[in-house]
Every structure is written in structure tokens, then in C-alpha cells.
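Undergrad:
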Amino acid sequence: MGYAEITLKLPTDYSEDLLRKKIGEEISSRNFTFRILKRSLDARNKRDIHFMTRIGVTSDNLSGNTPEIQKLEIIKKQTYKKVVVTGCGPAGIFAALILQKAGFHVTIIEKGAEVAKRNEKITEFEKTGTFDSLGGYCFGEGGAGTFSDGKLTSRTKTISVEKDFIFDTFIKAGAPSEIAFETYPHVGSDNLKKIIPAIISDFRNYGGKVIFESEVTGIFKNGDRITAVGISGKESGKIEGDFFIFANGHSSFKLYKLLISQGVLFTTKPFAIGFRVEHLQEELNFSMWRRYSLPGVKAAEYHLTADCDPGHAFTFCMCPGGKVVQSAPDEISSVVNGMSNYARNGKFANSAVVTPFSLEELAGKEISAGKALDLLENMEHDFYNFRKSFDIPATRISSIIHGGKIADLPESSFSFGLVPADLSEFFPKTVYERLKAGLQIFSKKLDCFENGTAMGLESKTSAPIKCLRNQDLTAAPFTNLYICGEGSGYSGGIVSSAADGIKTALKIVTDF
Ligand SMILES: Cc1cc2nc3c(=O)[nH]c(=O)nc-3n(C[C@H](O)[C@H](O)[C@H](O)COP(=O)(O)OP(=O)(O)OC[C@H]3O[C@@H](n4cnc5c(N)ncnc54)[C@H](O)[C@@H]3O)c2cc1C
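Here our numbering runs 14 ahead of the position in the sequence shown, where the first position is 1.
1. Can you tell which of Thr160, Asp256, Met353, Pro343 has the C-alpha that lies nearest to the C-alpha of Leu269?
2. Would you report the Cα separation of Tyr446 and His317, rounded to the nearest angstrom?
3. Comparing the CB of Met469 with every heavy atom of ligand 1, is any distance shorter than 6 Å?
4. Report yes if the C-beta distance between Thr319 and Arg448 is below 7 Å; otherwise report no.
5. Cα-Cα, which of Gly157, Asp62, Thr67 is closest to Glu30?
6. Out of Ser203, Val175, Ser174, which has the shortest C-alpha to C-alpha gap to Gly188?
7. Regarding Ile508 and ligand 1, is the C-beta to nearest heavy atom distance less than 6 Å?
8. Compare the Cα-Cα distances from Phe430 to each of Glu439, Tyr398, Thr444 and report the closest residue.
9. Evaluate contact between the segment 369-388 and the segment 267-285, counting only Cβ atoms and requiring at least three cross-stretch pairs below 8 Å.
10. Under the criterion of a Cβ to heavy atom distance below 6 Å, does Met353 qualify as lining ligand 1?
11. Within its chain, find whatever has a CB closer than 6 Å to the CB of Glu40; leave out the 5 residues flanking it on each side and keep chain order.
12. Can you confirm whether Gly164, when its beta carbon is compared against all beta carbons of chain E, has any partner nearer than 7 Å?
13. Within 6 Å: the Cβ of Leu376 and any heavy atom of ligand 1?
14. Given 6 Å as the limit, tell me if Ile414 has its C-beta closer than that to any heavy atom belonging to ligand 1.
15. Helix or strand or just coil, what does DSSP make of Met469?
16. Since I believe Thr467 is in contact with Val291 (beta carbons under 8 Å), could you give me their beta-carbon distance rounded to a whole number of angstroms?
17. Could you say which of Ser473, His416, Tyr504, Glu472 lies nearest to Ile465 if we only look at CA atoms?
18. Quick check on this structure: which residue in Ser403, Phe371, Thr93 has the alpha carbon closest to the alpha carbon of Asp256?
19. If you check the beta carbons only, do Lys223 and Val129 fall under 7 Å apart?
20. Can the beta-carbon of Gly251 be found less than 7 Å from the beta-carbon of Thr231?
21. Can you tell me whether Ala261 sits near ligand 1, meaning its C-beta is under 6 Å from at least one heavy atom of the ligand?
22. Is the beta carbon of Ala477 within less than 6 Å of some heavy atom of ligand 1?
23. Report the three-state DSSP secondary structure of Thr369 (helix, strand or coil).
24. Since I believe Ile89 is in contact with Val523 (beta carbons under 8 Å), could you give me their beta-carbon distance rounded to a whole number of angstroms?
25. Give me the Cβ distance between Lys131 and Leu111, rounded to the nearest whole Å; I'm assuming they're in contact under 8 Å.
26. Taking the beta strand (DSSP E) that Phe234 belongs to, which residues open and close that run?
27. Apart from the five residues just before and just after Arg49, which ones in its own chain have a Cβ nearer than 6 Å to its Cβ?
28. Does the Cβ of Pro81 have 16 or more other Cβ atoms within 10 Å, making it buried, or fewer, making it exposed?
29. With respect to 6 Å, is the separation between the Cβ of Ser29 and the closest non-hydrogen atom of ligand 1 below this value?
30. Using the C-alpha atoms, what's the distance from Lys271 back to Leu494?
31. Given His326, which residues of its chain have a CB within under 8 Å of its CB, disregarding the five upstream and five downstream residues?
32. Only counting runs of 4 or more residues, tell me where the alpha helix (DSSP H) segments fall wholly within the segment 140-168, in order along the chain.
33. Between Glu227, Phe65, Ser162, Ala242, which has its C-alpha nearest Ile196's C-alpha?
34. CB of Pro104 to nearest heavy atom of ligand 1: below 6 Å?
35. Taking Pro211 as part of the alpha helix (DSSP H), name the residues at either end of that continuous run.
36. Can you list, in chain order, the stretches of the alpha helix (DSSP H) that have 4 or more residues and sit fully within the segment 439-464?
Written out as C-alpha cells, the structure reads:
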């Protein structure tokens, strides 16, 4: 048996039969097996939009060697060591799963609820405006990753083995198999609500324990070692362990402040802020494809960047056919984000438009991590205080670009209200100017861009602070404390946070 990789240009609505026929023609044989390695949509020529597909083919007719695929190796240990993981998001889940499979005794502590209960609470929140931290978009089983858009893209270059493990785990738990080869893989919130509980169930089958609706509110230490965490909520008390992994995400400022108060070293770091923009998906499809729909492709998606003078702006976390959501971390803050289901068949498309930002830029001087959190929290409160509700200020993109009064706003997917407002009053001047310059450039790249609406505060693109990590991945100055995932400041998004959790777990497995 030999192997070759071939690249095929395929129509967007190609069938399995056509794919087989084309592979057969390419290798001059009808006997082969194949695996799609990569698939991306090429829409540069609007009259010839197609998939470029890279395929690995195995056949008697071929002479090449099958490439070796490097797999994540989990060394099995005989150990009585206990690991306490705070946070049941992608980082916490994957760290816990690896350690439990390796033979450690792992307990996950999660302040939010299980997916089913979270779902009910989110529905109630969107209907009544009553916020419940057990069931917001940020907290609970699966973390911020569950009710997300479920895009599984990552720009980190050093995580290919971890990424394969994450995708394999997702596919075994019910994710669509094409995530393994799409350039922009997407599972959607509806699938994540099934995938995450399936992975947790697997973790429990290996002997792992999860405590939901219980918050880590205390840390006990002895010199440079953490000895236990104090929890309160559905379960309360002290949980002792040998290793403590904090995979707490970046929405719980309360926990950040607890870690800082216990001497964990954090510094500020740059991140990005801005607002969400929303368009009609059909208009966007037409702008990008010169037709309203394309067979075989769910919805058009864009990734835009703009070099502004000074600085730059970019779109982030685009959700085709999705919905803008109120992802407030508490009852007095307002933060927007976006999600979509697998079918991406909603009427609207949304995306963040953001610009790099540091809270030191806002303070005008060097500040501590704690002060940075206060400043960001104030900004999130300002958006809530605008109407003392989860309604958000919004404007037409054309008004930002050309000026003029905003009398009315178009229909939106956002469950709360949009209130016409001048967004320049909500952002630091330099930030607003960069966002405005970005919108001007985006509207030249996509002719429908000006027709959209800009709304709310997008402040959770990544963590505003990062911990000081030692070479062995411990968080300084402690020797058995690990902070991983988005809350550590070293990852952003589902895949890179899960990969950071895996790397942390593997480090514990090899070091101890
Ligand atoms: C609406 C929305 C859409 C998104 N869409 C995407 C997307 O499409 N693709 C993508 O890559 N990323 C997306 N993201 C970002 C992504 O969800 C995060 O990057 C990812 O979940 C980070 O993983 P994590 O495990 O580090 O942290 P998190 O997922 O934030 O998990 C941290 C967990 O720790 C828990 N916790 C915090 N403090 C405590 C405490 N004191 N005690 C106990 N538990 C605690 C929290 O409740 C939470 O469940 C989205 C985020 C949101 C909110």
C-alpha cells in the first residue's frame, strides 16, 4: 500500500460520489481509501467559488509512505495524588481528563450549574432580565465554551498534538467529523450542549468527581504550597489536594482578586476591546458571494483587519447566522458576545470589531493587575449603568463613519433592548478613533458593512492580566499551583485554552 496527498478543486455542493470519482481520476485507480486533511472555501473569484480540498489517499497504485501521525501520549501512573481543579471550562475539563486518565484523583469544582440547568437559567435571563450566576453565558459546565459559538479555530502554532486530541475527544462525544479538516471548524452551541456533558460523563467514568454550584472562595497555604481550597454553595467546606489547577477563565474577577490577595503574581497584559456589529446574513452573503446563498455552504463569514493610523482594528469571533448575547459576568455589568447553532441559519450575522488595548493606556501610567481589573470592571459597569439594565447602547455603523443623529435602529437578534446612543461617549477617545477608522476600511472591503449596527461593549476578547508562570508551569511564587486556560493570560478561545489545560496536566504527569 502506498500513500499520496492530493489537492482537489471541488464545487461547493460536491457529493461523496464526485469526490471519489475525482480521487480515482487523480491516482488512476478505483481502489483506494482516503481522508480529507484540509478544506477551505475559495471565494476570491465570485464566478468560481469552490472548495480547495487536501486529501490523503492510500492505494496499491501509490508508492509514497504513509506519514506518521504523532499522538498525545498519556503515561499511566500508580499514584494516590489528589488534584483539585477550579473551573469546568475547556481548560479545566481537558486538564482534569488527562490527569484522571493518567491515574491521579481529580475533583473539579465549578461555581455554575450543569448544562441543563444553565440552559433554563439563560432562557429565564433573556426573558426576564433576572441574572443568575449559576446560569449565565460565562459560568457553569463547559465554562464560557458551552453557550459559545463553538468555533474551534486557533492561531497557536505549538499545539498540533493537543489539538488533535481535543478534536478527537469532541468527535467521540458527538461533534460533526468535519471539524477535523475545516479551515474554520465550527460545532455550534446546540452541539456543545451535548458534547460537553458527554465529555464530563467520560471523565466521571474514569473515576473523576465534579462538584457543581460550589464556588472556590478561600485558599489555604503553607509556605510556597497550597494545601486546600475553601468552597461555598451547594457543597461547602475545605478540599485538600496535592496539586491545585485554577482554570477559572477571565470573567470571574472575584477569583482573580482572591488569587492576588493570596500573593499569586499577576501583571497587566494587552488585550482588545470594542463593540459588536450586526448585519443581515443575506446581505453579507451577497456582498461576499454575489448571491444570497451558496449550496453546500451554510453562511458567509469574514475575517477583516485594518491598519489604521495609528494602530489597527480587526474583526473577531464572527458568528454567521448567529445571535448577539448579553454575556454579563454579574448583575451590574454589561458585556456582549456572540453565539450560533450548528446550522448557522439565523437571519443575522455578528462579529466583534476590536482594537488592541491595554488598561495602562486608560490609566495613563503603569498599574497593578488589581487596579487593571477595577478599571475594566468600571467600564463594564458603565455600560450597565447607561440604562441600569442589560439593554445596550447602539448606533448605525454609517452614523459612526459619517456622523449624524441616530433616530432609529434596525431589527436585531439581541434579546435585550438596543438604545440609540453615541458610542464615542463610552470608549476612550483613542480607542473609539481606531474603531471608527477600522469601520471605514471594512466598509470599503465589504459593501454592505455600512448597513450594520454597532452595539455594546466587547471586553472579553482575552484576559486583561496574566500570571507569572515558572518554567515548570507553576504560578509564582507557589510550587503546586497551576493557572491555565484563558484566566492565566496565556491562551484565548476554546481550543488554545483546552490545549493549555492539557499541557499543564501533562507537565504534572511527567514531573510527579
Ligand atoms: C458567548 C461566548 C461565545 C464564545 N464563542 C467562542 C467561539 O466560538 N470560539 C472560541 O474559541 N471561543 C469562544 N468564546 C470564548 C471561550 O468560550 C473561552 O475562550 C473559553 O471558554 C476559555 O476556556 P477556559 O476553560 O479557560 O475558561 P472558561 O470557559 O471561562 O471556564 C472557567 C470556569 O471557571 C469557573 N469559575 C470561575 N471562578 C470560579 C470559582 N471561584 N469557583 C469555581 N468555579 C469558578 C467558571 O464558572 C467557568 O465555568 C466565547 C465566549 C462567550 C462568552
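Positions of the beta carbon are idealized from the N, C-alpha and C atoms, including for glycine. This structure is a prediction, so every number in the text was calculated from the model and none was measured.
TA: This is what the structure holds:
1. Pro343
2. 20 Å
3. no
4. no
5. Thr67
6. Ser203
7. yes
8. Tyr398
9. yes
10. yes
11. Ile20
12. Looking at the structure shown, chain E is missing, and only one protein chain is on hand.
13. no
14. no
15. strand
16. 7 Å
17. According to the sequence as given, residue 465 is Asn; it is not Ile. The shortest C-alpha separation from Asn465 is found at His416.
18. Thr93
19. no
20. no
21. yes
22. no
23. strand
24. 6 Å
25. Contact flag wrong, Cβ pair sits at about 22 Å.
26. 228-236
27. Gly70
28. exposed
29. no
30. Going by the sequence as given, residue 494 is Asn instead of Leu. Between Asn494 and Lys271, the C-alpha separation is close to 19 Å.
31. Thr319, Ala320, Thr369, Pro370, Arg448, Gly452
32. none
33. The displayed chain sequence assigns Glu, not Ile, to residue 196. Cα-wise, what sits closest to Glu196 is Phe65.
34. yes
35. 203-219
36. 443-459
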